[in-house]
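Peer 1: Would you mind keeping the following structure in view while I ask a few things?
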Amino acid sequence: MSDTTPTAARELSAQYQPAEVEQRLYEGWVAAGVFAADPASDKPPFAIVIPPPNVTGSLHIGHALDHTIQDSLIRRRRMQGYEALWLPGMDHAGIATQNVVERQLAASGQSRHDLGREEFVERVWQWKAESGGKILGQMRRLGDSVDWDRERFTMDEGLSRAVLTIFKRLFDDGLIYRAERIINWCVRCHTALSDIEVEHSDDDGELVSIRYGEGDRSIVVATTRAETMLGDTAVAVHPDDERYKHLVGTLVELPLTGRSIPIVADPHVDPAFGTGAVKVTPAHDPNDFEIGQRHSLPSLTIMDETGIITVHGPFEGLDRFEARPAVVAALRAEGRIVAEKRPYVHAVGHCSRCGTTVEPRLSLQWFVKTAPLARAAGDAVRDGRTRIEPPELAKRYFAWVDNMHDWCISRQLWWGHRIPVWYGPAGEVRCVGPDEEPPGEGWTQDNDVLDTWFSSALWPFSTLGWPADTPSLAKFYPTSVLVTGYDILFFWVARMMMFGLYAMEGRQPFDVVALHGMVRDQYGKKMSKSFGNVVDPLDWIERFGADATRFTLARGANPGADVPVSEEWCQGSRNFCNKLWNATRFALINGATVEGDLPSAAELSTVDRWILSRLADVTETVDRHFEAFELAKVCDVLYHFAWDDVCDWYVELAKPVLTGEDAAAAGRTRRVLGHVLDALLRLLHPVVPFVTEELRTALVPGGGSIVTAAWPAASPEARDTAAEAEVAGLQRVVTEVRRFRADQGLRPGQRVAARIDGLEGAGLSAHSVLIRSLARLDEPGDGFAATGTVAVGGGVEVALDTRGSIDVAAERARLTKDRAAAEKEIAQCRAKLDNPAFTEKAPAPVVGKIKERLAAAEADLARVSAQLAALAG
RNA sequence: GGGCGCGUAGCUCAGUGGGAGAGCACUCGCCUUACAAGCGAGGGGUCGCAGGUUCGAAACCUGCCGCGCCCA
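Going by the working numbering, the first residue of the first sequence is number 239, and it counts up by one from there.
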């Protein structure tokens, strides 16, 4: 095992070096088993199943975002005392994986058919063992606190059993059927695709208008796919279209083919589009197929599985894209082209795996009848069993599940779950369940496999052991949250909902669906290889650390919204981690400790009570944002608390106490500092696990891993508004003096003699030493002579001896600006208060607040005016 | 064409009825011994446009303009 020596035993270097600690810590966590979830535990469950990445995939920035959110949620719940399960795994990615192995074979001049089905599948398993699942190692780099003992794969034995089980149930319930339908066909992958595996884009094409028939019995149709006219079996018009009423029921000659086809009336034709007449190719267009069904038209397939035309002499053997211009040329030669429009931009479907233009194709496929399943999936969200976050996105979910088409689940591949249906010698069809013997002699199994998403849809329960009644299933189902991108909502999520509700007797697969957006670049542009703006998360992890990478993503993770990132911002996150590192280093050098109880409020200084009050406020706010999946806000609050409150103010205010003569006071502040840092590190741990573990190990010797440390409890009793107000006053004095010094061009380090008046009246008399420390002011000595005065409000005045002439022009400019601001404020407040409608109708607290603002602004004006007058004199 | 969403500082984004904010970028001054991966100070916005509701609108309503996403 690697070196797990606590950092306390070493020196903290001046800079945080993530590369030196991340691997050691991660291996330590896994070895200690802190990520393991125990179904026998009596702690309340909290479970997340990971959206399974492809076995062919590697970690991209989108995964990094998705995982950062999940890990943050899981790590917090684990610290809160839940039995937290984050279950990892991969899917078998039927088409993608088969493509990878087929490419390997092609390199040696082979095809899968040379090997045969059994040997090919064996080869795919071999590929998986050797080079599949790269992403799992990369997830360790990111710090994912998944339970590795539970890693699952959609093709493993248990999950395959789940697939067979649910297939059989659906089949027996009549929810799976086989039919000849128009499906999306990829002519390169040689398989059917479901609707969601087709991506539409607006492409340049052509719109060609063709005249069918002759003379007053002719009719003009327009098409973007001229070659399909070879398969036309009708022309359709709207029944109410007066232009064509006389033609309905007649035959028209289809050019080039010598065939005559009927003109039919169908209400689905849009009479306003084009000529109002459409060609009907039932075998090559889904809408045309439906028209064909309604009018009992024949379906004529004109292409083979590779997109090659199979009919009509001169075109036979041409690819569909070669046939298109050839058909147009032939029609033009016959004088049948009425109009041509190029380019004509229209939506074209592409295979989401290989980008090839999808060909609608009539073929015999297996389908899931989705109507009843989708209804249940919608109802589970409608009645609140599952909550979608952010709620606005539920509308999209409903739009999808309430209009879902039947799902084509058969794929003409070898890699995947083979459809458990056997065909008998007399045409019998039998679905074989997981524990049944296949039928014997003379029967053959369906050649196709199931869509990968069919097995992914079972993920939330198949991974927990279903169909067996396992302790894990009992403990962790329904899972608590599903975290994924909104782009996945309408297919994968909807399908898990359908199958989960069906398999688990109406119990939803997850209580909450927390959606995030896509990672974009710093200008809000989509990342794309061609644009060259793709970020590799592993590159960032190496250069800035896993924590910085995670923090950058988490800080942009507003629910449902896209997440812009940039290298500069990741540097900023790295800097933040380094800031934590150095704050802890300072604390350790100065003896900060978490040992012993915190002194009571009565014993503590105002400043100590202030930072504890801020901590209480921050803890409560962080909890609230976590509950709402507002990770960006969690990060924002902690960033500012750590940097502004703790580092910029508390540490600076603690310095004079820690090095001062009052040993008891120093001891109390050491405890407060240790306590605050410890809580801060624990609050940050879910987002930045590595640096917080390393630092807390140093800060809390023998305290065990932060992974299993308790989540900081909200402590409303620590809120102290009086202390907060007092420190705000102190900060105002310090800031005003610093501003004066900067205006006067005094170097920050230069100490200046000064007399401070009016602290008592402002309730700040206890803080004179701190103010002098932070504003770098010395006590006035012999021969003190004030050369400049800063009136900071609240009656406090600081007279400084700058040992030289002050920059009157700079000071006048500053004061003039302040005077203008005060005058503007006064005018705005007076306008409101002089308006009787306001004073009568606005709530009393609002009116009171405006009066206070007016009084403060008037005091400011008086102060500034007096200083200006003094300057002039 | 239908649906959803967005438009706030140079960039990216918070802010959903009562003093316009953050990060980064920018300007000035600093190696002030935890941190230059830093410290201090500062500049910068007709809140897309036009109406309306209201004592009061960046926020609510209507219309328009521009952009994005999903579906057809």
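Glycine is no exception: its CB is placed at the ideal position from the N, C-alpha and C atoms. None of these values were measured; they are calculated from a predicted model.
1) Considering just the uninterrupted stretch of the alpha helix (DSSP H) at Val639, what are its terminal residues?
2) Tell me the rounded alpha-carbon separation between Cys808 and Asp785.
3) In this structure, what does DSSP give as the bridge partners for His438?
4) Is Thr831 helix, strand or coil when you go by DSSP?
5) Tell me whether the beta-carbon of Gly332 lies closer than 7 Å to the beta-carbon of Val425.
6) Per DSSP, what kind of secondary structure is His522 in: helix, strand or coil?
7) Do you know how far the Cα of Arg419 is from the Cα of Tyr724?
8) Starting from the Cα of Gln376, find the closest Cα among Met742, His305 and Ala1104 and give me that residue.
9) Please name the residue in Val458, Glu437 and Glu435 whose C-alpha comes closest to that of Leu445.
10) Whose CA, out of Ala948, Asp900 and Leu891, lies closest to the CA of Asp916?
11) Contact check, Val490 vs Ile501 under 8 Å by CB: the rounded distance?
12) Specify the secondary structure class of Met541 as computed by DSSP and reduced to three states.
13) With a threshold of 6 Å on Cβ separation, who are the neighbours of Glu1061 within its own chain once the five nearest residues in sequence on each side are excluded?
14) Determine the extent of the beta strand (DSSP E) in which Cys424 is found, giving its start and end residues.
15) At 3 residues or longer, and completely inside the segment 976-1053: list those beta strand (DSSP E) runs for me, N to C.
16) Under three-state DSSP, which class holds Asn685?
17) Tell me which residues share the same chain as Pro256 and place their Cβ nearer than 6 Å to its Cβ, disregarding the 5 neighbours each side in the sequence.
18) Once you ignore the five residues that flank Val687 on each side, which residues in its own chain have a CB closer than 8 Å to its CB?
19) Starting from Tyr254, trace the beta strand (DSSP E) both ways and give me its first and last residue.
20) Measuring straight from C-alpha to C-alpha, what distance separates Leu850 and Glu890?
21) Out of curiosity, what's the CA-to-CA distance linking Ile540 and Ala564?
22) Pop quiz: Glu732 and Tyr635 are said to be a contact at Cβ under 8 Å. What is the actual Cβ separation, rounded to whole angstroms?
23) Tell me where the alpha helix (DSSP H) around Glu1096 begins and ends.
24) Along the chain, where does the beta strand (DSSP E) containing Trp604 start, and where does it finish?
25) Taking the beta carbon of Leu602 as the centre, do at least 16 other beta carbons fall within 10 Å, making it buried, or is it exposed?
26) With distances taken between CB atoms, is the gap from Thr1025 to Glu1035 smaller than 7 Å?
27) Which residues does DSSP list as the beta-bridge partners of His878?
28) Pick out the complete alpha helix (DSSP H) segments inside the segment 693-765, 4 residues or longer, and give them in chain order.
29) Looking at Leu323: is its Cβ nearer than 7 Å to the Cβ of Ala270?
30) If I follow the unbroken beta strand (DSSP E) through Pro283, where does it start and stop?
31) Measure the CB-CB distance between Gly829 and Arg908 and report whether it falls below 7 Å.
32) Within a Cβ cutoff of 7 Å, which residues of the same chain sit near Gln1066, ignoring the five residues on either side of it in sequence?
33) If you compare alpha carbons, which of Asp394, Asp508, Arg812 and Thr857 is closest to Trp363?
34) Between Arg390, Arg341, Arg668 and Arg613, which lies nearest to Ser694 when the distance is taken from Cα to Cα?
35) Short check: CB of Ala561 to CB of Ile547, under 7 Å?
36) For the alpha helix (DSSP H) that contains Arg403, what are its first and last residues?
Peer 2: Well, looking at it:
1) As a position in the first sequence, residue 639 is number 401, starting the count at 1. For Val639, the enclosing alpha helix (DSSP H) covers residues Ala632 to Val639.
2) Position 570 of the first sequence, counted from the start, is the residue given in the question as residue 808. Position 547 of the first sequence, counted from the start, is the residue given in the question as residue 785. Answer to the nearest angstrom: the Cα atoms are 10 Å apart.
3) Position 200 of the first sequence holds residue 438. Partner(s): Gly587.
4) Stepping through the first sequence from its first residue, residue 831 is reached at position 593. Note: Thr831 maps to coil in three-state DSSP.
5) As a position in the first sequence, residue 332 is number 94, starting the count at 1. As a position in the first sequence, residue 425 is number 187, starting the count at 1. No, the Cβ-Cβ distance between Gly332 and Val425 is not below 7 Å.
6) Within the first sequence, residue 522 is the residue found at index 284, counting from 1. If DSSP states are grouped into helix, strand and coil, His522 belongs with coil.
7) For this step, residue 724 is matched to residue 486 along the first sequence. For this step, residue 419 is matched to residue 181 along the first sequence. For Tyr724 and Arg419, the distance between alpha carbons rounds to 30 Å.
8) Indexing the first sequence from 1 puts residue 376 at position 138. Out of Met742, His305 and Ala1104, His305 has the C-alpha closest to the C-alpha of Gln376.
9) The residue given as residue 445 occupies position 207 in the first sequence. It is Val458 whose Cα lies nearest to the Cα of Leu445.
10) If you number the first sequence from 1, residue 916 lands on position 678. Put simply, of Ala948, Asp900 and Leu891 the residue whose alpha carbon is nearest the alpha carbon of Asp916 is Ala948.
11) Taking the first residue of the first sequence as 1, we reach residue 490 at position 252. Taking the first residue of the first sequence as 1, we reach residue 501 at position 263. Indeed they touch by this definition, with Cβ atoms about 6 Å apart.
12) Start at 1 with the first residue of the first sequence, and residue 541 comes out as number 303. DSSP places Met541 in strand when its eight states are reduced to three.
13) Looking up residue 1061 in the first sequence gives position 823. Same-chain partners within the cutoff: there are none.
14) In the first sequence, the residue the question calls residue 424 occupies position 186. For Cys424, the enclosing beta strand (DSSP E) has its first and last residue at Ile414 to Cys424.
15) Runs found: 990-995, 1026-1031 and 1034-1039.
16) Walking along the first sequence from the start, residue 685 turns up at place 447. Coil, per DSSP.
17) In the first sequence, the residue the question calls residue 256 occupies position 18. Closer than 6 Å at the Cβ level, and outside the excluded window around Pro256, lie Gly783.
18) Within the first sequence, the letter at position 449 stands for residue 687. Its chain contains Gly332, Ser648, Arg649, Leu651, Trp652, Trp653, Gly654, His655, Arg656 and Ile657 as the residues whose beta carbon lies nearer than 8 Å to that of Val687, once the 5 sequence neighbours on both sides are disregarded; these appear in chain order.
19) Stepping through the first sequence from its first residue, residue 254 is reached at position 16. Taken as a continuous stretch (DSSP letters only), Tyr254 belongs to no beta strand (DSSP E), as it is neither H nor E.
20) As a working note, residue 850 is residue 612 in the first sequence. As a working note, residue 890 is residue 652 in the first sequence. In this structure, the alpha-carbon of Leu850 lies about 16 Å from that of Glu890.
21) In the first sequence, residue 540 corresponds to position 302, counting from 1. In the first sequence, residue 564 corresponds to position 326, counting from 1. So the alpha carbons of these two residues sit roughly 15 Å apart.
22) Looking up residue 732 in the first sequence gives position 494. Looking up residue 635 in the first sequence gives position 397. The sequence given here has Ala at residue 732, not Glu. The beta-carbon distance between Ala732 and Tyr635, rounded to whole angstroms, is 7 Å. This is short enough to meet the 8 Å contact definition.
23) For the purposes of this step, residue 1096 is identified with residue 858 of the first sequence, where counting begins at 1. Here the alpha helix (DSSP H) through Glu1096 covers Ala1082 to Ala1110.
24) Your numbering for residue 604 matches position 366 in the first sequence. Annotation for Trp604: the continuous beta strand (DSSP E) segment containing it runs Glu597 to Val606.
25) Position 364 of the first sequence, counted from the start, is the residue given in the question as residue 602. So Leu602 ends up on the exposed side.
26) Counting from one through the first sequence, the residue named residue 1025 turns up at place 787. Counting from one through the first sequence, the residue named residue 1035 turns up at place 797. Between Thr1025 and Glu1035, the CB-CB gap reaches or exceeds 7 Å.
27) To locate residue 878, count along the first sequence from 1; it is residue 640. In the DSSP assignment, no residue is bridged to His878.
28) Qualifying alpha helix (DSSP H) stretches, in chain order: 697-700, 709-714 and 732-741.
29) If you number the first sequence from 1, residue 323 lands on position 85. If you number the first sequence from 1, residue 270 lands on position 32. Between Leu323 and Ala270, the C-beta gap is not smaller than 7 Å, which leaves the two residues out of contact.
30) Counting from one through the first sequence, the residue named residue 283 turns up at place 45. That run of the beta strand (DSSP E) goes Pro283 to Val287.
31) Taking the first sequence and counting its residues from 1, one reaches residue 829 at position 591. Taking the first sequence and counting its residues from 1, one reaches residue 908 at position 670. Less than 7 Å divides the Cβ of Gly829 from the Cβ of Arg908.
32) In the first sequence, counting from the first residue as 1, residue 1066 sits at position 828. Cβ neighbours of Gln1066 beyond the five flanking positions: none.
33) If you number the first sequence from 1, residue 363 lands on position 125. Comparing alpha-carbon positions, the option among Asp394, Asp508, Arg812 and Thr857 lying closest to Trp363 turns out to be Asp394.
34) For this step, residue 694 is matched to residue 456 along the first sequence. Comparing Cα positions, the closest option is Arg390.
35) Taking the first sequence and counting its residues from 1, one reaches residue 561 at position 323. Taking the first sequence and counting its residues from 1, one reaches residue 547 at position 309. Cβ distance < 7 Å, so Ala561 and Ile547 count as in contact.
36) Position 165 of the first sequence, counted from the start, is the residue given in the question as residue 403. Here residue 403 turns out to be Thr, not Arg, going by the sequence shown. From DSSP, the alpha helix (DSSP H) with Thr403 extends over Glu395 to Asp410.
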